[in-house]
Amino acid sequence: MFKLGSKTELISEYYAHCFLKHLNVNCADYKVERHVLETGLEQECIVTKDFTQNAQYDFEPFFNYFNENEDPDFILTRLAQAEQNDVMLRLTEDYVKMCYYDALLMNVDRHNLNAGFLRDSQNGNIICLAPNFDYNLSLSAAVSLHFNETNADLMKFFTENDRLLEVMGPLMPRREEIISAVEFAEEMTKKAFPNDNFKYSLFSDYIISAYDYCRKKICSN
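Using my numbering, the first residue of the sequence shown is number 7, and each one after it goes up by one.
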């Protein structure tokens, strides 16, 4: 899959990818490519590696199961029902982690068409949740990247759900892991976009502040 967008969107997408990969989160593999158009201008895009492994798996979006209902409690209940048939699926944990990292990265564009399952293309069985992807409207989409507790945005929504907090509590990365991940993401994104004087401290400050907010809520729960 090839993705175009503004420079800020491409940087946000690639930064999120590097951040999540460093934390060993299940996410799609990205690389940045540049092509010279017939006009002579250079066009940048992000290429997503095929996570269906050449159609060995089928991507089944949440929409096919849950329609437009994106309520976490609704989805969690149905994922738990699916796990009763196969305890190895870990669907609930992976879904909660997706919600958490969407909140941490201020990803405002998660919906039931860009999240879903991987199915075995031969027998139709659910294998796992699909890798997380589509982060071009993450950090860059925020009106303000200055996190504060009165305007906690997606992280406030996440921490107000007791079921999400209960599952995420033991899965929370350590603060030093978050710091290492933002440092790695900045380093790799600067290499991918070497000619852009982007202020990455906006990203790292927001992520660390959102992490601290969630950690405090979990500890007080």
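Glycine included, C-beta positions come from ideal geometry on N, C-alpha and C.
Quantities reported herein were computed from a predicted structural model and do not represent experimental measurements.
Kindly indicate which three-state DSSP category Val102 falls into: helix, strand or coil?
-> Along the sequence shown, one-based indexing puts residue 102 at 96. Val102 falls in the helix class under three-state DSSP.
Could you pull the start and end residues of the beta strand (DSSP E) that Arg40 belongs to?
-> Walking along the sequence shown from the start, residue 40 turns up at place 34. Its beta strand (DSSP E) spans residues 36-42.
Are the CB atoms of Pro67 and Asn118 nearer to each other than 8 Å?
-> What you label residue 67 is simply residue 61 of the sequence shown in a count that begins at 1. What you label residue 118 is simply residue 112 of the sequence shown in a count that begins at 1. Yes, they are a contact pair.
Three CB pairs or more closer than 8 Å across the stretch 157-166 and the stretch 94-111 = yes
Are the Cβ atoms of Leu170 and Pro78 separated by less than 8 Å?
-> Here residue 170 is taken as the residue at index 164 of the sequence shown, counted from 1. Here residue 78 is taken as the residue at index 72 of the sequence shown, counted from 1. Against a cut-off of 8 Å, the Cβ pair of Pro78 and Leu170 comes out as a contact.
C-alpha distance - Asn120 paired with Tyr141, whole-angstrom precision = The sequence position of residue 120 within the sequence shown is 114, counting from 1. The sequence position of residue 141 within the sequence shown is 135, counting from 1. Answer to the nearest angstrom: the Cα atoms are 10 Å apart.
What span of residues does the alpha helix (DSSP H) with Thr195 cover, start to end?
-> As a working mapping, residue 195 is identified with position 189 in the sequence shown. That run of the alpha helix (DSSP H) goes 181-198.
How do the stretch 19-34 and the stretch 182-196 stand: do at least 3 beta-carbon pairs fall below 8 Å, yes or no?
-> yes
Per-residue burial, Ala86 [other beta carbons within 10 Å of its own, 16 or more giving buried] = By one-based count along the sequence shown, residue 86 stands at place 80. The residue is exposed, with fewer than 16 neighbouring Cβ atoms inside 10 Å.
Contacting residues, own chain, Cβ-Cβ under 6 Å from Val42 (five flanking each side not counted) | On the sequence shown, residue 42 is found 36 positions in, with the first residue counted as 1. Here the set comprises Glu48.
Three-state secondary structure (DSSP) at Asn6?
-> Absent from the model: residue 6. The displayed extent of the chain is 7 to 227, so no value can be given.
Tell me whether the beta-carbon of Cys33 lies closer than 8 Å to the beta-carbon of Phe139.
-> As a first step, residue 33 must be located in the sequence shown, where it is residue number 27. As a first step, residue 139 must be located in the sequence shown, where it is residue number 133. The answer is yes: Cβ separation under 8 Å.
With respect to the beta strand (DSSP E) encompassing Asp159, which residues constitute its N-terminal and C-terminal limits?
-> If you number the sequence shown from 1, residue 159 lands on position 153. No beta strand (DSSP E) contains Asp159, which is instead part of the alpha helix (DSSP H) from 159-165.
Same chain, Cβ closer than 7 Å to Ile133, neighbours up to 5 away in sequence not counted | Numbered from 1 along the sequence shown, position 127 holds the residue referred to as residue 133. Counting only Cβ-Cβ distances below 7 Å, and skipping sequence neighbours, we find Tyr63, Leu124, Arg125, Asp126.
Measure from the alpha carbon of Glu50 to the alpha carbon of each residue in Glu155, Phe209, Phe8, then state which is nearest.
-> Your numbering for residue 50 matches position 44 in the sequence shown. That would be Phe8, whose Cα lies nearest to the Cα of Glu50.
Going straight from the alpha carbon of Leu208 to that of Lys13, what length do you get?
-> Residue mapping note: residue 208 aligns to position 202 of the sequence shown, counting from 1. Residue mapping note: residue 13 aligns to position 7 of the sequence shown, counting from 1. Roughly 16 Å between the two C-alpha positions.
Could you spell out the range, first to last residue, of the beta strand (DSSP E) harbouring Phe123?
-> Taking the sequence shown and counting its residues from 1, the one referred to as residue 123 is at position 117. First-last of the beta strand (DSSP E) with Phe123: 122-126.
Cα-Cα, which of Asn167, His152, Cys225, Glu172 is closest to Ile214?
-> Counted from its first residue, the sequence shown places residue 214 at position 208. Closest by alpha carbon: His152.
Leaving aside the five residues before and after Tyr217 along the sequence, list all residues of the same chain whose C-beta is less than 7 Å from its C-beta, in chain order.
-> Numbered from its first residue, the sequence shown carries residue 217 at position 211. Result list for Tyr217: Leu110, Arg181, Ile184, in chain order.
Considering Thr83, what are the terminal residues of the alpha helix (DSSP H) in which it resides?
-> Reading the sequence shown from its first residue, position 77 is the one you call residue 83. Note, Thr83: alpha helix (DSSP H), 78-89.
Reducing DSSP to helix, strand and coil, say where Thr14 ends up.
-> If you number the sequence shown from 1, residue 14 lands on position 8. In the structure shown, Thr14 sits in a helix (DSSP, three-state: H, G or I).
Grab me the residues of Asp35's own chain with a C-beta within less than 6 Å of its C-beta, minus the 5 sequence neighbours each way, in chain order.
-> Reading the sequence shown from its first residue, position 29 is the one you call residue 35. Once the five neighbours on either side are set aside, the close Cβ partners of Asp35 are Lys55.
Paired residues, beta bridge with Glu19 - DSSP = Taking the sequence shown and counting its residues from 1, the one referred to as residue 19 is at position 13. None; Glu19 has no bridge partner.
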